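A short worksheet on the structure shown next.
Chains as they are written, first to last, in the working numbering: chain A, 1 to 367; chain B, 1 to 367.
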């Protein structure tokens with residue numbers, strides 16, 4: 001397992017614009033897993049209305065925003081700490097707890113590792129198996145938790161799209177609680193899952209004091225440019241520690257107003273769930289019919305795909321699709337993946353159809 | 001010198017709203033040093049136009065923003081690193097360099113100390129003398145730099161309003177260069193100074209490789225809610241170190257668009273300089289005529305004031321003015337200041353007149 005990988009992410013349409021002279025507005029970006037509905041009109045309006053108020057500092061306690069979030073996820077406002085994207089909360093978890101040894105199931109989102117390394121944690125990988133569709137097995141995971149101070153679970157997992165089932169999660173959390181192991185449970189994509197309320201760790205924060213659940217507005221509310229996320233825990237000592245390390249006003253006032261409005265737009269929330277469910281099924285079915293591709297079963301808004309053709313690499317495929325205005329995620333820089341994996345977001349029907357057609361053309365032409 | 005002080009800042013109108021049931025929109029906030037013109041109409045328009053694009057991640061390199069900044073301050077785009085307010089750059093300076101011992105002239109902005117402590121730096125204070133209007137004396141400062149790894153200079157200094165003259169700055173920088181001492185030069189308020197171009201360290205980055213100049217959009221462009229600042233240095237090793245610790249996308253896309261637009265609005269920039277110059281003189285003159293107050297000479301957009309009346313404390317004065325809808329900064333929590341100091345921002349004529357009238361009433365009534 002090659003662990004010398006870079007931390008490049010998807011969604012960098014600026015680089016594509018520079019390299020290929022394609023206007024960034026014309027790129028169909030399947031490389032970032034963002035709600036295809038775009039930003040809710042209610043969010044847009046809230047941002048516009050809040051502009052004049054940005055001549056003041058943001059509320060250092062973000063009271064209104066924390067209250068909105070706590071209503072949305074049905075917890076106490078004191079259980080919530082907001083951040084500049086989920087990313088800030090992830091970094092604060094490591095900075096404030098300084099775990100000596102970390103277990104990270106891989107492949108997964110690379111910022112956990114970067115954050116852990118900057119806080120001098122030692123990393124142990126738990127390689128998920130391709131033959132099991134990268135599914136996490138709780139019993140196997142627990143066997144690898146000896147001498148570990150913190151565990152990261154990304155649920156659903158990026159880039160595999162897999163979820164940890166409720167009973168399996170309980171098993172892991174029970175073990176971690178008994179061994180004083182901190183758990184960072186990243187649910188950045190959970191709102192795209194059909195029965196999210198059954199698998200979320202938010203319901204478990206009362207039971208497990210070593211649990212920090214992280215969520216983001218980025219993906220589900222289609223606003224990665226706005227940078228807003230939050231952490232949820234009943235461990236007020238942990239919140240105190242996080243606040244001791246938190247830089248003041250890291251969430252800007254426009255993002256705060258956007259967040260409050262986003263959670264109110266129930267029509268947008270319902271429509272998103274509907275579209276993603278339908279399009280996930282459509283895109284998966286269509287990808288399955290392309291013989292040289294093997295899409296891996298997913299529960300969320302992106303699909304990890306194995307390239308079966310020996311002649312085609314992830315890097316080559318990504319590069320070849322750019323002139324068509326289609327950007328996919330070369331997944332080879334995820335630890336425990338290789339040059340045979342790419343990831344695509346589930347977008348709207350028109351975009352998904354375009355992706356399928358470009359993929360079909362690509363192999364037909366044998367470029 | 002009492003060094004056990006809290007890190008509370010001005011500008012928290014949310015707390016006032018809660019405590020006094022005054023709508024935050026009705027508070028005249030002299031406690032935060034923000035351009036009274038509010039946000040430039042060009043900035044407002046740029047934010048609105050950029051909202052739809054926030055369905056993409058920000059450019060991780062912030063190329064357009066760095067180019068705008070580099071044109072504005074006449075440096076190379078590679079010399080610029082952008083941050084979530086100047087605050088992020090300040091924290092990154094300490095996190096990436098981990099200086100063992102710091103010298104901080106006091107009183108000054110408290111986040112330097114907080115950032116230094118979180119990076120395990122040992123702090124030495126250099127107390128500025130009230131009898132010299134808290135002016136920095138270069139020769140005295142240099143005498144205190146033995147065994148120090150990093151120096152912070154806030155120029156103009158918050159909360160004193162004093163500047164370090166060009167020759168004095170050169171003297172300090174030359175000494176620091178010779179002794180391998182890092183210098184963090186915070187110029188968050190420098191654009192309010194009449195002859196800023198003569199005292200800025202930006203012109204010196206080519207000469208001093210141990211120098212990081214920090215600037216903010218917050219104050220001069222009247223947008224503290226938007227969170228945007230930057231660091232400038234010719235030391236590319238330092239920029240590399242800072243980037244190694246920087247969290248991705250910490251500046252949101254709306255802030256980035258706002259920054260580009262702000263620097264283009266030359267009318268706003270000129271009008272601000274004009275108003276601040278005129279109002280600084282007006283407010284200083286009026287304050288000087290109040291017998292129980294002693295305003296300290298200032299070069300920027302705020303005034304530190306000593307309370308001469310033995311019966312009146314900074315805390316008491318601040319509390320008493322709130323019911324009038326006027327919020328001033330109790331400066332007693334600055335290290336090397338005490339219960340006899342308050343700070344007020346220079347605002348527009350109407351607000352400044354109101355402040356003066358409320359202060360005059362206060363003592364007349366003997367509340």
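Every residue, glycine too, gets a C-beta built ideally from N, C-alpha and C.
Values in this document were obtained by computation on a predicted structure and should not be read as measured data.
Which residue or residues does DSSP assign as beta-bridge partners of residue i?
i, result
"residue 231 of chain B", "B:81 and B:214"
"residue 29 of chain B", "B:327"
"residue 69 of chain A", "DSSP, once it has assigned bridges, lists no residue as partnering residue 69 of chain A."
"residue 302 of chain A", "A:345"
"residue 186 of chain A", "A:154 and A:214"
"residue 307 of chain B", "B:293"
Ends of the beta strand (DSSP E) at residue i?
i, result
"residue 125 of chain B", "122-127"
"residue 153 of chain B", "150-154"
"residue 141 of chain B", "Taken as a continuous stretch (DSSP letters only), residue 141 of chain B belongs to no beta strand (DSSP E), being part of the alpha helix (DSSP H) at 138-143."
"residue 295 of chain A", "293-295"
For residue i, collect the residues of the same chain with a Cβ closer than 7 Å to its Cβ; drop the 5 residues on either side in sequence, then sort them by chain order.
i, result
"residue 95 of chain B", "119 and 245"
"residue 85 of chain A", "216, 218, 227, 228 and 229"
"residue 314 of chain A", "307, 330, 331, 332, 339, 340, 341 and 342"
"residue 196 of chain A", "190"
"residue 14 of chain B", "24"
"residue 257 of chain A", "46, 47 and 50"
"residue 202 of chain B", "73, 75, 213 and 232"
"residue 291 of chain B", "none"
Could you give the residue range of the alpha helix (DSSP H) that holds residue i?
i, result
"residue 101 of chain A", "Premise fails: residue 101 of chain A lies in the beta strand (DSSP E), 101-106, not in any alpha helix (DSSP H)."
"residue 62 of chain A", "Neither: residue 62 of chain A is in no alpha helix (DSSP H) and is coded neither H nor E."
"residue 46 of chain A", "41-50"
"residue 316 of chain B", "314-321"
"residue 199 of chain B", "196-199"
"residue 13 of chain B", "13-20"
"residue 178 of chain B", "166-178"
"residue 130 of chain B", "Careful: residue 130 of chain B lies outside any alpha helix (DSSP H) and carries neither H nor E."
"residue 118 of chain A", "111-118"
Please list, in chain order, all residues of the same chain as residue i whose beta carbon is under 6 Å from its beta carbon, the five residues on each side excluded.
i, result
"residue 138 of chain A", "168, 171 and 172"
"residue 293 of chain A", "287 and 305"
"residue 255 of chain B", "226, 227 and 228"
"residue 54 of chain A", "253"
"residue 112 of chain A", "104 and 152"
"residue 158 of chain A", "109"
Beta-carbon within less than 8 Å of residue i's beta-carbon, same chain only, minus the 5 sequence neighbours each way: which residues are those?
i, result
"residue 352 of chain A", "279, 282, 283, 286 and 346"
"residue 366 of chain A", "Residue placement at residue 366 of chain A is flagged as unreliable, the pLDDT there being 47, under the threshold of 50; a coordinate-derived value is accordingly withheld."
"residue 194 of chain B", "273, 277 and 299"
"residue 199 of chain B", "155, 163, 164, 165, 166, 169, 190 and 193"
"residue 90 of chain B", "111, 112, 115, 184, 186 and 214"
"residue 370 of chain B", "Residue numbering for chain B in the displayed model covers 1 to 367; residue 370 of chain B lies beyond these limits and cannot be assessed."
Measuring CB to CB, does residue i end up less than 8 Å from residue j?
i, j, result
"residue 43 of chain A", "residue 102 of chain A", "no"
"residue 68 of chain B", "residue 263 of chain B", "yes"
"residue 28 of chain A", "residue 349 of chain A", "no"
"residue 210 of chain A", "residue 176 of chain A", "yes"
"residue 57 of chain A", "residue 249 of chain A", "yes"
"residue 214 of chain B", "residue 188 of chain B", "yes"
"residue 251 of chain B", "residue 46 of chain B", "no"
"residue 224 of chain B", "residue 10 of chain B", "no"
"residue 81 of chain A", "residue 239 of chain A", "yes"
"residue 21 of chain B", "residue 327 of chain B", "no"
"residue 26 of chain A", "residue 325 of chain A", "yes"
"residue 150 of chain B", "residue 77 of chain B", "no"
"residue 303 of chain B", "residue 344 of chain B", "yes"
"residue 335 of chain A", "residue 87 of chain A", "no"
"residue 265 of chain B", "residue 121 of chain B", "no"
8 Å is my cut-off, CB to CB: does residue i come that close to chain D?
i, result
"residue 120 of chain A", "No chain D is part of this structure, whose protein chains are labelled A and B."
Discussion item. As an exercise, report each continuous alpha helix (DSSP H) stretch of at least 4 residues that is fully enclosed by the segment 227-291 of chain A, in chain order.
Written reply: 236-245, 253-264 and 266-288
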